[in-house]
Amino acid sequence: ANDGHATLYGLTASTDVEYRVVTDDWTSEAFSVATGELPAGLPRFTVVDEGDPGFNFIAGSYLITADEGSAVWVVNRDGEIVWYDILQGIGTVPVIHKVDDGFLYLVTSHSYLGEAHVRWASNDNRKQDVYALPMAHHDVIEVPGARFAAVVGEARVVDGENVVGDGIVEMFDDGSTRTVWTAFDHLEVQENDGWGTLAYPEGADWVHANGLDYDDATGNYLFSMYRCECIASINRESGATNWVLGGGEELLGTGLTLLDFDEPFGPQHAPRWVDGGVLMFDNGYDAG
Numbered sequence: 001a002n003d004g005h006a007t008l009y010g011l012t013a014s015t016d017v018e019y020r021v022v023t024d025d026w027t028s029e030a031f032s033v034a035t036g037e038l039p040a041g042l043p044r045f046t047v048v049d050e051g052d053p054g055f056n057f058i059a060g061s062y063l064i065t066a067d068e069g070s071a072v073w074v075v076n077r078d079g080e081i082v083w084y085d086i087l088q089g090i091g092t093v094p095v096i097h098k099v100d101d102g103f104l105y106l107v108t109s110h111s112y113l114g115e116a117h118v119r120w121a122s123n124d125n126r127k128q129d130v131y132a133l134p135m136a137h138h139d140v141i142e143v144p145g146a147r148f149a150a151v152v153g154e155a156r157v158v159d160g161e162n163v164v165g166d167g168i169v170e171m172f173d174d175g176s177t178r179t180v181w182t183a184f185d186h187l188e189v190q191e192n193d194g195w196g197t198l199a200y201p202e203g204a205d206w207v208h209a210n211g212l213d214y215d216d217a218t219g220n221y222l223f224s225m226y227r228c229e230c231i232a233s234i235n236r237e238s239g240a241t242n243w244v245l246g247g248g249e250e251l252l253g254t255g256l257t258l259l260d261f262d263e264p265f266g267p268q269h270a271p272r273w274v275d276g277g278v279l280m281f282d283n284g285y286d287a288g
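In the numbering used here, the protein residues as written are 1 to 288.
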């Protein structure tokens, strides 16, 4: 590096690393350094299927303890942690995404949605930006022209009852936000299994959105609504609902027909735009 410093990414814990400094006309002697140990509370992984796993790195997170907070981490193809962040206090990290300049992740909790925030951390974790985003949960993604877009809840009184619906909110570099879409303005509120849960203290868990994706080529978001057992295509610019897959026409009025399926899908997670269609994970709770 021009300032005489260079950062090495992807090092593993408790490892002796040997390196040399090489220029156009000079090579240094070999230097060695020992990396530190992983802190207590981080998981350890064992690779059980030898061969190429199909990825270079994979990211995940989990709750250490209710008092100690959460850990977010990245492992290499050998199952060794090469990046981590330990978050103190209340909150879990439901999702982490690799972005060009670091990692983007959401810190939230079903019981404390008002304290939710989004973090960006640099590749070497020496710099972090924190963006307060109350009621955010489940997913945050990088989108062009904004800092990020996230699933954000909203509480309204419907027929005298507190109900939590969800939508898509974008945040920009200056801290301003824009609501792209909200379920309250597009769907009819109908009671479902979320009415009997304790998911949110703010009200009945009507939508429980749990996944978000964006296709820059079409300008459309893909939005998963767990309780409604459906996914929706939403235009980013206009906020219009292009279509809804699943959920039943009596609920949404814009449903698409599922062909070549004996049973409807849902509840579902992790929708993704793929070439020629949509990919998602079906929990299969109704499969018996």
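Virtual Cβ for every residue (Gly too), placed ideally from N, Cα, C.
- Residue 8 counts as exposed, since fewer than 16 other C-beta atoms from the protein chains shown sit within 10 angstroms of its C-beta.
- The count of Cβ pairs closer than 8 Å, one atom from the region 41-48 and one from the region 71-79, reaches three, so the stretches are in contact.
- About 5 Å separates the CB atoms of residue 118 and residue 131; that is less than 8 Å, so the two are in contact.
- For residue 128, the uninterrupted beta strand (DSSP E) run begins and ends at 128-132, by DSSP.
- The C-alpha of residue 28 lies about 39 Å from the C-alpha of residue 87.
- For residue 226, the closest C-alpha among the options 219, 80, 265 is that of 265.
- By the neighbour-count criterion, in which 16 or more other beta carbons inside 10 Å mark a residue as buried, residue 182 falls on the buried side.
- In the structure shown, residue 83 falls within a strand segment according to DSSP collapsed to helix, strand and coil.
- In this structure, residue 89 sits away from residue 108, with a CB-CB distance that is not shorter than 9 Å.
- Inter-segment contact for the region 195-204 and the region 160-172 is present: three or more beta-carbon pairs are separated by less than 8 Å.
- Residue 179 is not a Cβ neighbour of residue 133, given a cutoff of 9 Å.
- For residue 208, there is no enclosing beta strand (DSSP E), since its DSSP letter is neither H nor E.
- In the three-state DSSP reduction, residue 172 falls in the coil class, being neither helix nor strand.
- Taking a C-beta distance under 9 Å as the contact criterion, residue 216 and residue 271 do not qualify as a contact pair.
- Under the 10 Å beta carbon count, residue 21 is surrounded by fewer than 16 other beta carbons and is classified as exposed.
- When rounded, the separation of the alpha-carbon atoms in residue 222 and residue 267 is 15 Å.
- Under the three-state reduction of DSSP, residue 153 is assigned to strand.
- Under the DSSP definition of a beta bridge, residue 18 partners with 32.
- Going by DSSP, residue 106 is part of the beta strand (DSSP E) stretching over 102-107.
- DSSP links residue 279 through a beta bridge to 272.
- Nearest neighbour of residue 247 by Cα position, chosen from 229, 6, 233, 240, turns out to be 229.
- Check the Cα spacing between residue 83 and each of 13, 34, 19, 93: the tightest is with 13.
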